[in-house]
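In our numbering, the protein residues as written are 19 to 489. Idealized CB from N, CA, C, for every residue including glycine. Quantities reported herein were computed from a predicted structural model and do not represent experimental measurements.
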Amino acid sequence: MHQTPRDDFCRGVWYFIGYMERILIGKLGEHVGETVSISGWVDVRRDQGKMVFFDFRDRSGKVQGVVLPASPAIEVAKDIRNEYAVRVEGVVNKRPEKNVQADRQNGDIELEVTAIEVLAKAEPLPFDMSVSGFNLDLTAQLDHRALVLRHPRLQAIFKVQNVIIDSFREYLKSQDFFEFQAPAITPAVAEGGAEVFEVNYFDKKAYLSQSPQLYKQIVMTAFERVFSVNKIFRAEPSATTRHLTEVVSLDAELAFIDSWKDVRDVSEETVRYILKEIEKRCATELSLLGTKLPVMIEKTPTLSLTEAQEKIFAKNGRDVRGEKDLNPEDERELCAIIKEETGSDFVYVYGYPTRKKPFYVYPNPENPEFNEGMDLLCRGVEWLSGGRRINNYDQLMTHVKEWGMDPEKISMFLEAFKYGVPPEGGFAFGAERMTMQILELKNVREASMFPRDMNRIDQLLTGHPSETPEK
Ligand code: AMO
Numbered sequence: 019m020h021q022t023p024r025d026d027f028c029r030g031v032w033y034f035i036g037y038m039e040r041i042l043i044g045k046l047g048e049h050v051g052e053t054v055s056i057s058g059w060v061d062v063r064r065d066q067g068k069m070v071f072f073d074f075r076d077r078s079g080k081v082q083g084v085v086l087p088a089s090p091a092i093e094v095a096k097d098i099r100n101e102y103a104v105r106v107e108g109v110v111n112k113r114p115e116k117n118v119q120a121d122r123q124n125g126d127i128e129l130e131v132t133a134i135e136v137l138a139k140a141e142p143l144p145f146d147m148s149v150s151g152f153n154l155d156l157t158a159q160l161d162h163r164a165l166v167l168r169h170p171r172l173q174a175i176f177k178v179q180n181v182i183i184d185s186f187r188e189y190l191k192s193q194d195f196f197e198f199q200a201p202a203i204t205p206a207v208a209e210g211g212a213e214v215f216e217v218n219y220f221d222k223k224a225y226l227s228q229s230p231q232l233y234k235q236i237v238m239t240a241f242e243r244v245f246s247v248n249k250i251f252r253a254e255p256s257a258t259t260r261h262l263t264e265v266v267s268l269d270a271e272l273a274f275i276d277s278w279k280d281v282r283d284v285s286e287e288t289v290r291y292i293l294k295e296i297e298k299r300c301a302t303e304l305s306l307l308g309t310k311l312p313v314m315i316e317k318t319p320t321l322s323l324t325e326a327q328e329k330i331f332a333k334n335g336r337d338v339r340g341e342k343d344l345n346p347e348d349e350r351e352l353c354a355i356i357k358e359e360t361g362s363d364f365v366y367v368y369g370y371p372t373r374k375k376p377f378y379v380y381p382n383p384e385n386p387e388f389n390e391g392m393d394l395l396c397r398g399v400e401w402l403s404g405g406r407r408i409n410n411y412d413q414l415m416t417h418v419k420e421w422g423m424d425p426e427k428i429s430m431f432l433e434a435f436k437y438g439v440p441p442e443g444g445f446a447f448g449a450e451r452m453t454m455q456i457l458e459l460k461n462v463r464e465a466s467m468f469p470r471d472m473n474r475i476d477q478l479l480t481g482h483p484s485e486t487p488e489k
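So, in structure tokens, the structure goes:
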């Protein structure tokens, strides 16, 4: 070990700290009896008169440190505040049996601190960041996102989201899907509707991508099975608890399907894999958040829109039969019924009115008024959409005309479909909505690190996250 004493100045006291290899806090249990060096933040400081106790935190976890009255670090320790960034040297001791906290990480050890180097000071915190004392409402949390991200609850949410995105990739790669990067600037509106951000593109008009839909279909015609993890942008004018204007969209598309049911099955297995990975890798986070994963039974129930509406009517007497879509209340009621009947927290709904969905969705050949598009609902909220697409060029062109699309603007997409595109389909879900439903969060903004909505871009706009239930 290289032990060159180095001068550091802190509160007018010169002290010495050796250069030692940094040990991660999560690995300290392997170094009992050794002198080690850790780097991290002061999570908590408890001044007990003659002694000072700390919880130190790094990316791998926390450990308790104690500075004894005779320690050369005692003077420095008295000056240090929460969130100071420090390098600490000390001896890893086993705790006496009576002080062991078996349910805590490093609950059986303690670092007896011999030296502390202040790497960066921190101002007094504007609010209580401790696990038990943290009680900011969502608006205040978003206003202070830069600091609040250090809180274990917030970190747990985004660690789970990481696993969602990683395992989406892992599963599709294991099924021979090819990852591509979709463009964010597009010449046309893929999904239709007015929910689109226009950009001044030099002297032209362009749009922020609403969905990589047309691009994933193009890339599928070359690579057969494709997926992308990309930002999409929706100019949602409604401030609801489940809409953002910037979303991480997990998209997939596959060729040579026999029916829309193949797409449903791939999407179901993708979700099943994601849930299994969360269960495997995020036990600590789930327990910290006090959440149970949604139940996915062996075969997720699948209903047509008409059947779903019939079910709601039969159970609750609310007549939504003939409506063009499920509204949020219908989604909640349908999920509750399915949960009661089957134990499943998921339900697929397929067969929407053709004219109510984008031009590329495949109409049911036996009943072209309805299409072969589908949604997956989980715990009362839609979190995935997809289905079979029109692959025949002439049929596609008929829809382009009927939907009033400008063929010039989607000429690149249309070109691909002139040249032998097999039956195909795909699906997409939003990482934030999925995180929100898996963790039973009340507002999708909790599941977005830097949420954008009609009232907020960081602190640039001054609105507040909506808690208003949707109509
Ligand atoms: P859709 O528009 O239904 O389908 O979007 C797919 C999924 O993306 C998420 N999502 C959103 N999440 C938060 N805020 C929003 N404003 C928002 N908009 C969408 C949801 C939703 O289920 N091209 C089709 C997909 C396909 O057919 O492959 C599409 O974009 O989780």
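Asked: Best match in T263, V284, P230 and R397 for proximity to A200 [C-alpha to C-alpha]; Found: P230
Asked: Proximity test, H162 beta-carbon vs the ligand AMO heavy atom, cut-off 7 Å; Found: no
Asked: Distance cut-off 7 Å: R243 Cβ against heavy atoms of the ligand AMO; Found: no
Asked: Contacting residues, own chain, Cβ-Cβ under 7 Å from A326 (five flanking each side not counted); Found: L344, L352 and V367
Asked: The ligand AMO heavy atom lying under 7 Å from the CB of S267; Found: yes
Asked: Counted within 10 angstroms of its Cβ, other Cβ atoms place R29 as buried (16 or more) or exposed; Found: Below a pLDDT of 50, predicted positions are generally treated as unreliable, and R29, at 38, falls in that range; the measurement from the model is reported next regardless. Label assigned to R29: exposed.
Asked: Reference Y219; option with closest CA among A208, L232, G211 and T204; Found: T204
Asked: Rounded distance between the beta-carbons of I182 and M452, thought under 8 Å; Found: 6 Å
Asked: Proximity test, L262 beta-carbon vs the ligand AMO heavy atom, cut-off 7 Å; Found: yes
Asked: Three-state class that DSSP yields for P371 in the structure shown; Found: strand
Asked: Whether M392 touches S362 by CB criterion (8 Å); Found: no
Asked: Local Cβ density within 10 Å of M467, reported as buried at 16 or more and exposed below that; Found: exposed
Asked: Euclidean distance between Cα positions of N111 and Y291; Found: 41 Å
Asked: Helix, strand or coil at N117 according to DSSP, with G and I counted as helix; Found: helix
Asked: According to DSSP, residues forming a beta bridge with N385; Found: DSSP lists no partner for N385.
Asked: Heavy atom of the ligand AMO within 7 Å of W401 beta-carbon; Found: yes
Asked: CB-CB length for G83 against V118, believed under 8 Å; Found: G83 to V118, Cβ: 16 Å. No contact.
Asked: Beta-bridge pairing of K249 - partner residues as DSSP gives them; Found: V266
Asked: C-beta contact flag for R491 and E328 at 8 Å; Found: Outside the shown range of the chain (19 to 489) lies residue 491, about which nothing can therefore be said.
Asked: Cβ-heavy atom distance, E254 to the ligand AMO, below 7 Å; Found: yes
Asked: heavy atom of the ligand AMO below 7 Å from A158 C-beta; Found: no
Asked: Cβ pair F447, L395 closer than 8 Å; Found: no
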